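Asks:
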Amino acid sequence: MDTTALPRSEYPRPILTRPHWLNLNGIWDFDVDEQNRGYQEDWPARTTWDNQIIVPFAPGTSASSVSLDYDPTRVWYHRTFSRPDWPESETILHIGACDYHTRVYVNGGFVGEHRGGYSPVRINITSSLTSTVNHLVICAEDSGSWQQPRGKQAGDTRWPIDYDPIIGIWQTVWLEPVQSRHIVSMATGYKITEQSLDLTITLSSQVNGSLQISLRQNAAKVSELTIDTGARSEVKASLAINSPELWSPDCPTLYDLYIQLLSPSGQQLDSIQSYTGLREISILDGKLCLNQQPLYIKGLLDQGYFPEGWYTPLDDAAMIRDIELVQAMGFNLVRKHQKAEDPRFLYWADRKGLMVWSEMPSGRIFCADLIEQLTLEWLQLMRRDQPHPCVICWVPFNESWGVWHQRSRSQQRAFVDATVALTKSMDSSRPVIGNDGWEYSSGDLFTLHLYDNSASQLIAKLRELIANPQAHLSSSEQARPAALPGADPSGLPLVLSECGGIGYVNVTTTDELFAYGDLPETPAALSEKIQELANALTQIDELQGFVWTQLTDIQQEINGLLYFDRTPKLPLDQIKALFDVTGDT
Numbered sequence: 006m007d008t009t010a011l012p013r014s015e016y017p018r019p020i021l022t023r024p025h026w027l028n029l030n031g032i033w034d035f036d037v038d039e040q041n042r043g044y045q046e047d048w049p050a051r052t053t054w055d056n057q058i059i060v061p062f063a064p065g066t067s068a069s070s071v072s073l074d075y076d077p078t079r080v081w082y083h084r085t086f087s088r089p090d091w092p093e094s095e096t097i098l099h100i101g102a103c104d105y106h107t108r109v110y111v112n113g114g115f116v117g118e119h120r121g122g123y124s125p126v127r128i129n130i131t132s133s134l135t136s137t138v139n140h141l142v143i144c145a146e147d148s149g150s151w152q153q154p155r156g157k158q159a160g161d162t163r164w165p166i167d168y169d170p171i172i173g174i175w176q177t178v179w180l181e182p183v184q185s186r187h188i189v190s191m192a193t194g195y196k197i198t199e200q201s202l203d204l205t206i207t208l209s210s211q212v213n214g215s216l217q218i219s220l221r222q223n224a225a226k227v228s229e230l231t232i233d234t235g236a237r238s239e240v241k242a243s244l245a246i247n248s249p250e251l252w253s254p255d256c257p258t259l260y261d262l263y264i265q266l267l268s269p270s271g272q273q274l275d276s277i278q279s280y281t282g283l284r285e286i287s288i289l290d291g292k293l294c295l296n297q298q299p300l301y302i303k304g305l306l307d308q309g310y311f312p313e314g315w316y317t318p319l320d321d322a323a324m325i326r327d328i329e330l331v332q333a334m335g336f337n338l339v340r341k342h343q344k345a346e347d348p349r350f351l352y353w354a355d356r357k358g359l360m361v362w363s364e365m366p367s368g369r370i371f372c373a374d375l376i377e378q379l380t381l382e383w384l385q386l387m388r389r390d391q392p393h394p395c396v397i398c399w400v401p402f403n404e405s406w407g408v409w410h411q412r413s414r415s416q417q418r419a420f421v422d423a424t425v426a427l428t429k430s431m432d433s434s435r436p437v438i439g440n441d442g443w444e445y446s447s448g449d450l451f452t453l454h455l456y457d458n459s460a461s462q463l464i465a466k467l468r469e470l471i472a473n474p475q476a477h478l479s480s481s482e483q484a485r486p487a488a489l490p491g492a493d494p495s496g497l498p499l500v501l502s503e504c505g506g507i508g509y510v511n512v513t514t515t516d517e518l519f520a521y522g523d524l525p526e527t528p529a530a531l532s533e534k535i536q537e538l539a540n541a542l543t544q545i546d547e548l549q550g551f552v553w554t555q556l557t558d559i560q561q562e563i564n565g566l567l568y569f570d571r572t573p574k575l576p577l578d579q580i581k582a583l584f585d586v587t588g589d590t
């Protein structure tokens with residue numbers, strides 16, 4: 006099959022690959038179901054459809070070919086496929102991401118469901134397949150409620166920093182053959198002092214057998230190990246590595262990783278190919294360190310939106326372009342804000358040496374449903390993304406969204422603290438930031454969001470918060486303290502994880518636009534304002550990095566260093582020079 010003609014034809018899960026797979030992207034049948042007729046009229050068994058959509062692009066985006074003038078709450082997809090002639094015994098349906106509540110039907114029968122707009126859908130459809138033509142139907146519902154994690158997608162209410170919502174499939178749909186006993190996921194962590202790579206390998210069930218693990222570089226074996234699975238579904242192993250080449254933004258060295266699952270008799274049950282970067286993120290003597298050397302963060306806030314496909318870039322080239330633009334402007338990190346990014350982006354960030362700050366999209370109404378859904382999806386996303394060396398920290402909450410009343414409602418603070426602890430129990434190889442921006446309660450970094458529009462105000466406020474973390478970030482009635490009562494972030498690495506936000510447009514418009522502070526009227530004025538704030542960051546010795554708002558304009562938000570089409574507002578080398586005053590270049 007020629008996959009090059011398919012949209013998003015690339016292998017969708019590059020951190021864990023197998024040789025056989027079938028891409029189901031392309032033209033699907035499609036319908037909007039606002040009247041809830043789908044179940045009454047048995048759409049799971051429907052074979053005749055009037056409309057079509059291009060998957061994996063969300064309806065309403067230009068790349069999807071479906072125009073919408075409103076936000077639907079239920080959409081349906083249908084396509085047929087022939088069962089591939091695979092030697093493996095089981096077939097898994099994967100959907101990289103589908104927003105929000107996904108139900109899947111094969112040949113009219115229900116096969117599984119998934120809640121979460123960002124985490125991957127994985128359903129075993131073997132028992133429902135026929136040897137001839139198979140009908141696949143997917144129903145996606147999205148309520149618009151802030152009781153569910155939805156990030157920056159406008160729901161029942163809309164802030165000036167929200168964007169139009171999406172619904173339905175927005176990452177690749179694909180089939181994969183496996184044996185009944187197979188490898189599901191992998192986690193890694195490197196320790197410099199021990200020169201060892203720790204692995205945690207999750208299996209589909211408790212398995213009696215062994216794992217053969219081989220680490221290679223340029224086809225040459227670097228280290229290998231065979232370990233008994235011990236009738237477990239989770240197996241831990243450690244590979245010793247002599248003279249390692251470490252991963253860093255300046256030298257993003259990657260090693261190939263091969264893992265085989267064998268039965269007690271030596272029969273191969275599964276075989277995967279992966280890769281890893283040997284790098285250690287730690288906090289030493291109050292400093293955030295990469296490979297035991299102090300790391301200065303020069304980051305950009307990146308919402309991960311694209312003009313044609315919204316959440317979904319047209320191809321790998323669009324992701325590579327974003328990474329290269331970030332690096333050309335002199336930044337070493339993107340804070341993926343309120344979006345869990347496509348694994349293909351993380352793959353390219355691994356390869357090109359761009360660090361990523363990984364954040365859970367928020368809900369905004371605290372309730373039992375938010376607790377359950379956010380926790381479940383966060384665990385799924387961590388499991389998916391943990392092996393990527395580019396991901397250097399976890400951020401489960403942003404600016405108290407969904408946990409607005411931590412000072413007065415103990416259960417909300419407990420939720421944040423419990424999520425920090427849960428995150429650290431799942432992955433001890435990275436720092437965890439509990440509540441990014443303010444109201445610090447627990448976590449490994451002290452992070453602040455400040456959009457003071459003058460250098461003197463920014464410097465004064467930072468010095469005040471360093472001296473007294475319980476002080477408020479501003480004088481407004483809605484202002485929140487940098488740290489909650491009883492919490493002490495002193496001694497932790499300090500990062501200004503949102504700042505800047507300077508808006509600029511080069512055309513006259515009557516649209517309502519959003520940025521922080523007054524708008525510069527010329528490119529020269531924009532450059533002067535950026536330089537003023539960038540210089541201010543050098544005045545705070547305790548500061549170990551910053552994240553500038555933001556990479557691109559999006560809809561009404563005009564505070565990007567680039568326009569939405571990725572055209573720079575200033576020459577790239579000029580932007581780089583403006584920020585060269587901060588940290589290590």
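Take any residue in the sequence shown, count from 1 to its spot, add 5: that is its number in our numbering. All C-beta atoms in this analysis are idealised placements derived from N, C-alpha and C, irrespective of residue type, glycine included. Note that the structure is predicted; figures quoted are calculated from it, not measured.
Suppose contacts are defined by Cβ-Cβ distances below 8 Å. Is ARG120 in contact with HIS99 by that definition?
Replies: By 1-based counting over the sequence shown, the position of residue 120 is 115. By 1-based counting over the sequence shown, the position of residue 99 is 94. No; because the gap between Cβ atoms is not below 8 Å, this pair is not in contact.
Asks: Taking contact to mean at least 3 C-beta pairs separated by less than 8 Å, is the region 408–420 in contact with the region 368–376?
Replies: yes
Asks: Suppose you measure from the CA of LEU230 to the CA of TYR310; what does that come to, to the nearest Å?
Replies: Numbered from its first residue, the sequence shown carries residue 230 at position 225. Numbered from its first residue, the sequence shown carries residue 310 at position 305. So the alpha carbons of these two residues sit roughly 42 Å apart.
Asks: What are the start and end residues of the alpha helix (DSSP H) that includes THR424?
Replies: Taking the first residue of the sequence shown as position 1, residue 424 is located at position 419. 415–431 is the extent of the alpha helix (DSSP H) around THR424.
Asks: According to DSSP, what are the bridge partners of TYR168?
Replies: Numbered from its first residue, the sequence shown carries residue 168 at position 163. Note: TYR168 sits in a beta bridge opposite GLN158.
Asks: Can you tell me which residues form a DSSP beta bridge with PRO573?
Replies: Here residue 573 is taken as the residue at index 568 of the sequence shown, counted from 1. According to DSSP, which records beta bridges pairwise, PRO573 is partnered with LEU567.
Asks: What are the start and end residues of the alpha helix (DSSP H) that includes GLN176?
Replies: Here residue 176 is taken as the residue at index 171 of the sequence shown, counted from 1. No alpha helix (DSSP H) contains GLN176, which DSSP labels as neither H nor E.
Asks: Please list, in chain order, all residues of the same chain as MET6 whose beta carbon is under 6 Å from its beta carbon, the five residues on each side excluded.
Replies: Your numbering for residue 6 matches position 1 in the sequence shown. Confidence in MET6 is poor, its pLDDT being 40 and thus under 50, which makes the residue's placement too unreliable to answer from.
Asks: Pick out whichever of GLN343, THR317 and ASP355 has its Cα sitting closest to the Cα of ILE328.
Replies: Here residue 328 refers to the residue found at position 323 of the sequence shown. Minimum Cα distance to ILE328 is reached at ASP355.
Asks: Closer than 8 Å by C-beta to GLU239: which residues in its own chain qualify, once you throw out the five before and the five after it? Chain order, please.
Replies: Against the sequence shown, residue 239 aligns to sequence position 234. If the five residues before and after GLU239 are omitted, its C-beta is found closer than 8 Å to the C-beta atoms of THR205, ILE206, THR207 and LEU208, all from its own chain and listed in chain order.
Asks: What is the rounded straight-line gap between the Cα of SER446 and the Cα of LEU427?
Replies: Walking along the sequence shown from the start, residue 446 turns up at place 441. Walking along the sequence shown from the start, residue 427 turns up at place 422. Cα-Cα distance, rounded: 15 Å.
Asks: In whole angstroms, what separates the C-alpha of PRO490 from that of TYR260?
Replies: Within the sequence shown, residue 490 is the residue found at index 485, counting from 1. Within the sequence shown, residue 260 is the residue found at index 255, counting from 1. Distance between the alpha carbons of PRO490 and TYR260: 45 Å.
Asks: Could you name the residues of the same chain whose beta carbon sits closer than 7 Å to that of ILE277, not counting the 5 residues immediately before and after it, in chain order?
Replies: The sequence position of residue 277 within the sequence shown is 272, counting from 1. Here the set comprises LEU21, THR22, ARG23, ILE188 and ILE264.
Asks: Nearest to SER228 by alpha carbon, out of ILE218, ARG435, LEU141 and GLY235?
Replies: On the sequence shown, position 223 is the one that residue 228 refers to. Taking only the C-alpha atoms, the option nearest SER228 is ILE218.
Asks: Taking the alpha-carbon positions, what's the LEU470 to ALA476 distance?
Replies: The residue given as residue 470 occupies position 465 in the sequence shown. The residue given as residue 476 occupies position 471 in the sequence shown. Taking the straight line joining both Cα atoms gives about 6 Å.
Asks: Who are the near neighbours of VAL400 in its chain, counting only those whose CB is closer than 6 Å to its CB and skipping five residues on each side?
Replies: Your numbering for residue 400 matches position 395 in the sequence shown. For VAL400, same chain residues with a beta-carbon under 6 Å away, outside a window of 5 residues either side, are GLU364, ILE438 and ASP441 in chain order.
Asks: Mapping DSSP to helix, strand and coil, what is LYS534?
Replies: As a first step, residue 534 is located in the sequence shown; it is residue number 529 there, counting from the start. In the structure shown, LYS534 sits in a helix (DSSP, three-state: H, G or I).
Asks: Looking at the unbroken beta strand (DSSP E) that takes in SER238, where does it start and where does it end?
Replies: Indexing the sequence shown from 1 puts residue 238 at position 233. 237–245 is the span of the beta strand (DSSP E), which, as asked, contains SER238.
Asks: Can you list, in chain order, the residues of its chain with a C-beta nearer than 6 Å to that of GLU595? Leave out the 5 residues immediately preceding and following it.
Replies: The requested residue 595 does not occur in the structure, where the chain is confined to residues 6 to 590.
Asks: Per DSSP, which one or two residues make a beta bridge with ILE325?
Replies: Here residue 325 is taken as the residue at index 320 of the sequence shown, counted from 1. Paired residue(s): none; ILE325 is not in a bridge.
Asks: Under 8 Å by Cβ, that's how I've got PHE569 and ALA539 pegged, so tell me the actual separation to the nearest angstrom.
Replies: Mapped onto the sequence shown, residue 569 falls at position 564. Mapped onto the sequence shown, residue 539 falls at position 534. The Cβ separation is near 23 Å, so there is no contact.
Asks: Look up TRP409 in the DSSP assignment and give the residues it is bridged to.
Replies: The residue given as residue 409 occupies position 404 in the sequence shown. Looking at the DSSP output, TRP409 shares a beta bridge with no other residue.
Asks: Just the Cα atoms here: how many angstroms apart are ARG254 and LEU295?
Replies: Mapped onto the sequence shown, residue 254 falls at position 249. Mapped onto the sequence shown, residue 295 falls at position 290. Looking at the sequence provided, one finds Pro at residue 254 rather than Arg. Approximately 10 Å between the Cα atoms of the pair.
Asks: May I have the straight-line CA-CA distance separating SER480 from TRP406, to the nearest angstrom?
Replies: By 1-based counting over the sequence shown, the position of residue 480 is 475. By 1-based counting over the sequence shown, the position of residue 406 is 401. Roughly 20 Å between the two C-alpha positions.
Asks: One question on the structure: do ASP80 and ILE171 come within less than 8 Å of each other, judged by their Cβ atoms?
Replies: Along the sequence shown, read from residue 1 onward, the residue named residue 80 stands at position 75. Along the sequence shown, read from residue 1 onward, the residue named residue 171 stands at position 166. Note that residue 80 corresponds to Val in the displayed sequence, not to Asp. Between VAL80 and ILE171, the C-beta spacing is not below 8 Å.
Asks: Any contact of the region 528–542 with the region 444–464, i.e. 3+ C-beta pairs under 8 Å?
Replies: yes
Asks: Would you call the region 317–333 and the region 242–251 touching, i.e. three or more CB-CB distances under 8 Å?
Replies: Not touching, per the Cβ criterion.
Asks: Within its chain, find whatever has a CB closer than 6 Å to the CB of PRO89; leave out the 5 residues flanking it on each side and keep chain order.
Replies: The sequence position of residue 89 within the sequence shown is 84, counting from 1. These residues qualify, in order along the chain: LEU27.
Asks: Measure the alpha-carbon distance for ILE197 versus GLY282 and round it to whole angstroms.
Replies: Translated into the one-based positions of the sequence shown, residue 197 becomes position 192. Translated into the one-based positions of the sequence shown, residue 282 becomes position 277. Going from the Cα of ILE197 to the Cα of GLY282 covers about 12 Å.
Asks: Please return the same chain residues whose Cβ sits closer than 6 Å to the Cβ of ILE563, not counting the five positions on each side in sequence.
Replies: Counted from its first residue, the sequence shown places residue 563 at position 558. Answer for ILE563: GLY508, VAL510, LEU518 and ALA520, listed in chain order.
Asks: What residue from GLY31, LEU556, ASP47 and GLN561 has the CA that sits closest to GLN308's CA?
Replies: Taking the sequence shown and counting its residues from 1, the one referred to as residue 308 is at position 303. When each option's Cα is compared against that of GLN308, the closest is LEU556.
Asks: Assign PRO525 to buried or exposed, taking buried as 16 or more other Cβ atoms, counted over all protein chains shown, within 10 Å of its Cβ.
Replies: Sequence index remark: in the sequence shown, residue 525 carries index 520 (1-based). The residue is buried, with at least 16 neighbouring Cβ atoms inside 10 Å.
Asks: Does the Cβ-Cβ distance between SER434 and GLY194 come in under 8 Å?
Replies: As a first step, residue 434 must be located in the sequence shown, where it is residue number 429. As a first step, residue 194 must be located in the sequence shown, where it is residue number 189. The answer is yes: Cβ separation under 8 Å.
Asks: What is the DSSP secondary structure of ASP290, reduced to helix, strand or coil?
Replies: As a first step, residue 290 is located in the sequence shown; it is residue number 285 there, counting from the start. In the structure shown, ASP290 sits in coil (DSSP, three-state: anything other than H, G, I, E or B).
Asks: Suppose you measure from the CA of LEU501 to the CA of ASP390; what does that come to, to the nearest Å?
Replies: Taking the first residue of the sequence shown as 1, we reach residue 501 at position 496. Taking the first residue of the sequence shown as 1, we reach residue 390 at position 385. LEU501 and ASP390: Cα-Cα distance of roughly 24 Å.
Asks: Since LYS357 is in the alpha helix (DSSP H), which residue starts that stretch and which ends it?
Replies: Here the question's residue 357 lines up with position 352 in the sequence shown. From DSSP, the alpha helix (DSSP H) with LYS357 extends over 348–357.
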